[in-house]
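Protein chains in written order, with the working numbering: chain A, 6 to 170; chain B, 33 to 610.
Notes for the one structure printed next.
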Amino acid sequence: MKRIISILLENEFGSLSRVVGLFSQRGYNIDTLTVAPTDDETLSRLTLTTLGDAQMAEQIVKQLHKLIDTIKVVDLTEGPYIERELMLVKIKAADNDTRIELKSCVEIFRGHIIDVTPATYTVQLAGDSEKLDAFLDAARAMGVMEVVRSGVSGISRGDKFIRSQ
Amino acid sequence: MENLSGGDALIRALRDVGVKHIWGYPGGAALHIYDAIYRQDDVIHLLVRHEQAAVHAADGFSRATGEVGTALVTSGPGATNALTGIATAYMDSIPLVVISGQVPSSKIGQDAFQETDMVGVSRPIVKHSFLVTKAEDIPATIAKAYYIASTGRPGPVVVDIPKDVTEPNYKVPYSFPEEVKMRSYQPSDRGHKGQIKRAVKALLAAKRPVIYAGGGVVIDNAAEYLTAMTKKLNYPITNTLMGLGAYPGSDRQFLGMLGMHGTFEANTAMHHADVIFAVGARFDDRVTNELEKFCPLATIIHLDIDPTSVSKNIVADIPIVGTCKSVLKDMLDLIGQSDVQIDQVALADWWQQIDEWRNKHGLYTQPRYEQSGGDLIKPQDVVKMLYEVTNGEAIVTSDVGQHQMFAAQYYLFDKPRQWINSGGLGTMGFGLPAAMGAKLAFPDTDVACVTGEGSIQMCIQELSACSQHNLPVKIINLNNAALGMVRQWQDMQYNSRYSQSVYEESLPDFVALAEAYGHVGMRITQFDQLEEKMRECFAMKDRVVFMDICIDRSEHVYPMHMPGGSMRDLWLSKTERT
Chain A
6 MKRIISILLE NEFGSLSRVV GLFSQRGYNI DTLTVAPTDD ETLSRLTLTT LGDAQMAEQI
66 VKQLHKLIDT IKVVDLTEGP YIERELMLVK IKAADNDTRI ELKSCVEIFR GHIIDVTPAT
126 YTVQLAGDSE KLDAFLDAAR AMGVMEVVRS GVSGISRGDK FIRSQ
Chain B
33 MENLSGGDAL IRALRDVGVK HIWGYPGGAA LHIYDAIYRQ DDVIHLLVRH EQAAVHAADG
93 FSRATGEVGT ALVTSGPGAT NALTGIATAY MDSIPLVVIS GQVPSSKIGQ DAFQETDMVG
153 VSRPIVKHSF LVTKAEDIPA TIAKAYYIAS TGRPGPVVVD IPKDVTEPNY KVPYSFPEEV
213 KMRSYQPSDR GHKGQIKRAV KALLAAKRPV IYAGGGVVID NAAEYLTAMT KKLNYPITNT
273 LMGLGAYPGS DRQFLGMLGM HGTFEANTAM HHADVIFAVG ARFDDRVTNE LEKFCPLATI
333 IHLDIDPTSV SKNIVADIPI VGTCKSVLKD MLDLIGQSDV QIDQVALADW WQQIDEWRNK
393 HGLYTQPRYE QSGGDLIKPQ DVVKMLYEVT NGEAIVTSDV GQHQMFAAQY YLFDKPRQWI
453 NSGGLGTMGF GLPAAMGAKL AFPDTDVACV TGEGSIQMCI QELSACSQHN LPVKIINLNN
513 AALGMVRQWQ DMQYNSRYSQ SVYEESLPDF VALAEAYGHV GMRITQFDQL EEKMRECFAM
573 KDRVVFMDIC IDRSEHVYPM HMPGGSMRDL WLSKTERT
């Protein structure tokens with residue numbers, strides 16, 4: 006099962022490498038990893054996706070928590086959550102038919118065309134990972150040239166929140 | 033507020049955190065620090081001959097005392113040489129602070145002379161690490177390093193300090209923090225009350241209980257409470273390799289060590305137990321044998337300070353996260369207040385069953401090796417002799433291999449911190465430097481390093497450090513002219529093809545070698561010389577004595593778990609199995 010794990014981390018020298026190192030050291034996979042400082046710049050927020058059963062997820066959470074620099078670790082998939090991923094795709098769009106088809110496809114997926122050349126469209130799309138996968142499936146026939154995905158960012162639904170205090 | 037350079041601030045901070053001894057080895061990037069050491073008397077530095085030994089010695093000191101050990105090395109090769117020692121301490125949860133010099137900040141990343149990314153290369157084998165970027169940060173970083181190393185599940189902490197940070201001409205106001213507070217690190221202490229209650233209930237309801245205690249009890253100085261509880265309940269107890277001494281080894285309730293080379297009675301009792309109380313132990317693969325076949329009947333109560341140890345290998349039915357000391361104390365109180373009666377009939381039956389196992393195949397009741405005599409010296413008898421000669425009171429360190437298992441099996445450790453060995457990592461070369469650390473801490477106690485001719489050669493250069501710092505340790509070299517444990521496995525699994533496990537004629541004359549370092553050397557080839565020579569050895573209180581004892585070359589360590597089996601599936605000798 007896909008797990009989305011959120012980590013609040015001291016924004017210090019080497020702290021990110023400790024998180025990444027833990028995964029390779031313990032034989033866990035990282036599917037996606039996003040990281041950036043928070044509104045409090047002494048802290049970083051990571052969202053990490055991995056595959057594993059409940060026991061493995063529990064171990065991963067415990068191991069992450071054991072790192073000295075981690076303040077909070079939450080497995081978002083244990084409750085209701087929202088996930089978003091950003092994707093930029095460069096697609097061949099040289100003839101008129103393709104351009105029309107692509108434009109309507111982007112509209113259906115509520116994306117934006119953010120750059121245009123005579124031969125290409127560059128599309129921006131945000132949503133959960135499945136939606137991005139679905140768009141890629143639809144666009145593949147038109148000739149996808151380059152795909153850049155940000156990895157998942159996640160937050161829990163409702164009143165619950167993760168902060169250092 | 034006094035102004036100090038980074039180098040002076042470092043040594044002052046070490047003093048202020050309570051450090052009296054540092055083991056180390058100088059080099060370019062650490063020279064400002066070494067100059068600061070030279071100009072003060074509070075902190076004593078002990079020079080070793082190889083950085084690995086510096087860390088092992090600090091480790092031995094820590095295991096013997098419970099205090100944080102300290103080592104100091106230079107950058108590059110100094111740092112990488114220290115890694116084996118750091119990994120050793122990490123695997124056994126030993127509190128250490130290892131300070132490494134680093135190339136100047138401006139040169140980091142330039143592939144400078146003697147540059148290694150110490151924080152990077154040590155990352156998987158430390159509890160935490162710091163790169164100090166300015167002199168002002170030194171006191172707070174040192175305070176944090178010792179706090180992290182010694183609290184929670186202890187472990188080694190690396191503090192990497194670029195040379196410019198210890199620059200003598202740049203002085204900053206020195207103040208040592210009164211307390212350490214970290215928002216990201218608050219180790220748990222007390223166990224969950226409800227879980228403790230459940231554990232006590234399960235324990236008191238047991239009909240075939242076994243207490244399985246590990247190194248966590250020793251590290252947390254909880255042996256007293258463990259012993260009190262075990263006595264009060266009259267339950268059988270077994271210790272892991274790391275836990276030996278946590279319960280008196282010579283006591284009737286002690287079943288001996290469990291695991292791969294544990295006793296028949298301990299392993300068999302575990303297999304048949306209905307309740308297992310694991311205290312400060314981590315269900316290591318050298319204990320459990322095949323996980324799927326592990327103790328099929330048992331309810332598992334698991335007490336450990338580290339949540340990641342709980343349900344990692346074996347799922348715990350009743351997990352408790354907390355310190356051994358506080359939780360055992362709480363449990364003792366609850367047991368005292370409880371009006372639940374233990375089923376004494378069931379317990380008596382259980383003891384009768386255990387005693388039967390003991391009498392049938394016990395390590396101490398049924399010797400499974402030939403009698404020593406003439407030029408046949410059995411390693412087991414050497415350890416038994418060591419126990420006699422030292423009245424069971426020595427601190428025994430060991431290296432890794434057959435001698436380590438013989439020492440663990442036959443020296444009955446009655447007190448915690450008496451047995452010092454590299455259990456988790458299995459580091460050959462650990463024994464001698466660890467003995468130096470223990471001897472420094474307890475100059476009036478006999479310290480014996482039980483080793484083999486293979487292991488001792490991995491840090492034998494420290495015989496020189498023993499002279500320099502007057503550390504009269506005794507070396508009990510069980511010399512079988514081969515890597516005994518490797519050869520045993522080659523006998524058992526590779527049809528006795530001794531690939532690279534025999535030394536043939538290449539071994540040094542250990543007596544001459546000891547003498548070359550200014551020590552006393554003895555070579556024992558006849559069993560009837562052993563006792564007299566060993567007594568002579570330990571009578572020389574102020575000398576390092578190297579006893580080179582030529583033991584039976586064909587001996588194997590038994591019992592031994594059969595690969596893929598349950599705990600009770602054991603080889604009992606070369607020809608007998610359960």
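In this text, a Cβ means the ideal position worked out from N, Cα and C, and glycines have one as well.
In the three-state reduction of the DSSP assignment, S155 of chain A falls in the strand class, which pools E and B. For Q520 of chain B, the enclosing alpha helix (DSSP H) begins and ends at 516–525. In this structure the region 473–490 of chain B touches the region 444–464 of chain B; the number of beta carbon pairs closer than 8 Å is three or more.
Listed along chain A, no residue sits closer than 9 Å to P219 of chain B by beta-carbon distance, the nearest being about 10 Å off. By the CB criterion at 8 Å, Y178 of chain B and R44 of chain B fall outside the cutoff.
For L63 of chain B, the closest of B:V80, B:K52, B:R81, B:G39 by C-alpha to C-alpha distance is B:G39.
Of the residues B:I131, B:P280, B:A86, the one whose Cα lies closest to the Cα of T116 of chain B is B:A86. Contact between L364 of chain B and A260 of chain B holds: CB atoms are separated by about 6 Å, below the 8 Å threshold.
A direct Cα-to-Cα measurement between T429 of chain B and A467 of chain B gives close to 6 Å.
Here A514 of chain B is buried: its Cβ has 16 or more other Cβ atoms, across all protein chains shown, within 10 Å. Scanning B:I346, B:R314, B:S138 for the CA closest to the CA of E324 of chain B turns up B:I346. Secondary-structure assignment with DSSP links H70 of chain A through no beta bridge to anything. Distance from the CA atom of T55 of chain A to the CA atom of V153 of chain B, rounded to whole angstroms, is 25 Å.
Assigned with DSSP and collapsed to three states, N113 of chain B falls in helix.
Apart from the 5 residues on each side of it in sequence, N201 of chain B sits with its Cβ closer than 8 Å to the Cβ of S37 in its chain, given in chain order. Listed in chain order, the alpha helix (DSSP H) elements of length 4 or more contained wholly in the region 338–383 of chain B are 356–369. Under the DSSP assignment, A278 of chain B falls outside any beta strand (DSSP E); it carries neither an H nor an E label. Note on the region 189–216 of chain B: whole beta strand (DSSP E) runs with a minimum of 3 residues are 203–205, in chain order.
For the pair T37 of chain A and G156 of chain A, the Cα-to-Cα distance works out to about 5 Å.
Within the region 28–57 of chain A, the complete beta strand (DSSP E) runs of at least 3 residues fall at 37–42, 48–56. In the DSSP assignment, P241 of chain B falls outside any alpha helix (DSSP H) and lies within the beta strand (DSSP E) extending over 241–245. DSSP places R8 of chain A in the uninterrupted beta strand (DSSP E) bounded by 7–15.
Identification of residues in the region 165–190 of chain B having a C-beta nearer than 7 Å to some C-beta of chain A yields I180, given in sequence order. By the rule that beta-carbons nearer than 8 Å mark a contact, T127 of chain A does not touch chain B. Using a Cβ-Cβ cut-off of 8 Å, L163 of chain B counts as an interface residue toward chain A, since at least one Cβ of chain A sits closer than that to its own. The C-alpha of D446 of chain B is placed about 25 Å away from the C-alpha of G368 of chain B. In the three-state reduction of the DSSP assignment, T102 of chain B falls in the strand class. If you look at S154 of chain B, you'll find it in the alpha helix (DSSP H) that goes 150–154. Residue state for D580 of chain B is assigned as strand, using DSSP reduced to three classes.
Assignment of C491 of chain B by DSSP, reduced to helix, strand and coil, places it in the coil class. In this model, D169 of chain B and S220 of chain B are separated by some 27 Å (Cα to Cα).
The beta carbon of I160 of chain A sits closer than 6 Å to the beta carbons of I87 from its chain, once the five residues preceding and following it are set aside; these are given in chain order.
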